[in-house]
Amino acid sequence: MQERVVLGMKILVLNCGSSSLKFQVIDAETEKRLAKGLCERIGIAGSRVIYTKTGEDKKKMEVSMPNHKEAILQMLKVLQDEKTGVISELSEIGAVGHRIVHGGEKFSKATLITSEVKATIRECSALAPLHNPANLIGVEACQALMPDIPMVAVFDTAFHQTMPEEAYLYGIPYSYYEKYRLRRYGFHGTSHDYVSERAAEILGKKREDCKIIVCHLGNGASVSAVKNGQCVDTSMGLTPLEGLVMGTRSGDIDPAVIEFIAHKEGRTIDEIMNILNKESGVLGLSDGFSPDFRDLERAYFEGRPEAVRAIRTFARRVAKYIGAYAAVMNGVDVLCFTAGVGENSPIIRSLICEYLGFLGVHLDEDKNGIYGQEEIISAENAPVTVMVVPTNEELAIARETARLVKG
Ligand code: AMP
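Here the numbering used here is used: position 293 in the sequence shown is 298, and no number is missing along the way.
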């Protein structure tokens with residue numbers, strides 16, 4: 006395996022969901038993205054591949070993809086196409102990095118996929134029934150089609166495995182933890198890791214010397230506290246439902262809300278979990294107006310009350326977590342905003358930071374006007390450096406993958 010890994014190798018990064026497959030090809034040496042794409046509606050009528058070779062126009066192709074193996078075949082076809090392709094033969098792919106959602110307590114870093122690793126990922130499916138089985142389907146389809154190429158698993162939960170027990174335990178009988186490993190795990194770990202590392206790098210500091218709070222604010226959203234290079238707390242829990250108010254997820258609620266809705270509306274637990282995952286968050290708060298922050302922001306500026314309450318509730322929850330994590334770390338040096346909303350919404354960054362003057366968070370509102378680029382947005386001499394750091398989970402996965410196969 007070692008001798009086929011050459012400098013300049015291309016890494017294929019895959020994020021396989023139940024009916025979709027996102028992929029990118031990244032050059033491990035230059036770290037440039039060569040191509041990206043999405044196979045969607047796998048196993049459903051109307052499936053298609055959307056593909057962009059870097060520097061060229063996006064292409065959309067209707068193709069039948071009855072299963073994931075077929076989707077991966079289509080992906081390999083487009084990647085090797087004479088005109089649009091970025092590889093001429095499969096052996097140019099040095100390794101495949103798979104995004105795996107749940108690594109339980111077994112994986113605290115990326116790992117080469119063996120049959121034992123697959124079995125452990127399968128065991129973790131109880132903790133992520135919607136994600137891990139789909140991730141594994143992607144791994145197995147790739148292994149069938151590219152048997153000689155090393156596969157690496159990069160876990161969403163791994164970065165948070167350094168959390169101390171007092172951060173990851175729930176205040177419920179300890180026996181549930183002992184029996185089922187029922188605890189907080191956290192997600193978006195690859196993003197929190199990448200952004201905190203990049204922030205320190207931009208500031209010319211070592212991450213090991215900093216107290217950093219990362220706000221990953223996208224459709225799914227989470228905050229993490231990174232002290233001396235290690236995650237010490239994060240807002241998502243056993244599942245990605247805990248923590249912030251999100252696009253469609255409720256985030257933290259009193260558990261008694263479930264019993265209340267069950268009795269009042271005659272709903273089952275499964276139905277209520279569906280409401281909390283898919284009909285809540287800013288979508289629910291805006292009375293069904295939209296889960297999308299672009300829509301909500303427009304309506305906010307028009308003064309529409311449903312958007313105002315959704316955005317204010319969202320911002321306040323983020324601010325509460327930042328305050329809590331400053332307490333957990335006994336201070337904060339750097340506050341980072343990332344993902345769709347964090348990178349692109351000056352108004353939401355501003356509404357969050359309004360709560361945090363007491364901590365030494367002061368924005369420079371001119372600098373805060375930026376979208377989607379690396380920038381320090383705090384006022385000069387403010388005690389806390391506030392930054393926008395666009396996340397790049399695919400690059401982080403490609404780096405980990407290359408690091409492992411280069412040994
Ligand atoms: P992500 O999950 O990181 O892709 O983020 C998706 C969320 O980011 C969606 O709610 C988008 O509406 C939001 N978003 C993207 N661009 C903007 C923007 N310019 N202003 C406000 N929200 C945005």
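Every residue, glycine too, gets a C-beta built ideally from N, C-alpha and C. Small disclaimer: the values here were computed from a predicted structure and weren't measured.
Measuring only from the beta carbon, is residue i closer than 6 Å to any heavy atom that is part of the ligand AMP?
i	result
residue 349	yes
residue 346	yes
residue 223	yes
residue 28	no
residue 299	yes
residue 171	no
residue 302	yes
Should residue i go down as buried or exposed, given a rule of 16 or more other Cβ atoms within 10 Å for buried?
i	result
residue 188	buried
residue 337	buried
residue 232	buried
residue 22	buried
residue 5	Not covered by the structure: residue 5. The range shown for the chain is 6 to 412.
residue 12	With a pLDDT of 48 at residue 12, under the threshold of 50, the modelled position of this residue cannot be trusted, and the question is left open.
residue 296	buried
residue 140	buried
residue 7	At residue 7 the pLDDT is 41, less than 50, meaning the model places this residue with poor confidence and gives no usable figure here.
residue 373	buried
residue 197	buried
residue 134	exposed
residue 460	In this structure the chain extends from 6 to 412, so residue 460 is not present and cannot be described.
residue 149	exposed
residue 153	exposed
residue 378	exposed
residue 326	buried
residue 245	buried
residue 221	buried
residue 155	buried
Three-state secondary structure (DSSP) at residue i?
i	result
residue 214	helix
residue 380	strand
residue 7	Confidence at residue 7 is low in this model, with a pLDDT of 41, below 50, so its placement is unreliable and no value can be given for it.
residue 45	strand
residue 367	coil
residue 300	helix
residue 126	helix
residue 154	coil
residue 288	helix
residue 114	coil
residue 307	coil
residue 159	strand
residue 294	coil
residue 121	helix
residue 325	helix
residue 243	coil
residue 361	helix
residue 313	helix
residue 320	helix
residue 88	coil
residue 373	helix
Going by DSSP, which residues form a beta bridge with residue i?
i	result
residue 230	218 and 238
residue 330	Answer is none; residue 330 lacks a bridge partner.
residue 32	15
residue 38	31
residue 393	342 and 380
residue 20	27
What is the residue span of the beta strand (DSSP E) that residue i lies within?
i	result
residue 195	Per DSSP, residue 195 belongs to no beta strand (DSSP E); it is in the alpha helix (DSSP H), 194-207.
residue 146	That residue, residue 146, is in no beta strand (DSSP E); its alpha helix (DSSP H) goes 137-150.
residue 165	Note, residue 165: premise wrong, no beta strand (DSSP E); not H, not E.
residue 103	98-105
residue 385	Run containing residue 385: none; DSSP gives neither H nor E here.
residue 57	53-58
residue 67	64-67
The alpha helix (DSSP H) spanning residue i covers which residue range?
i	result
residue 400	398-411
residue 77	73-84
residue 283	274-283
residue 184	179-185
residue 342	First-last for residue 342: 339-343, but that is the beta strand (DSSP E), not the alpha helix (DSSP H).
residue 262	261-270
residue 352	351-358
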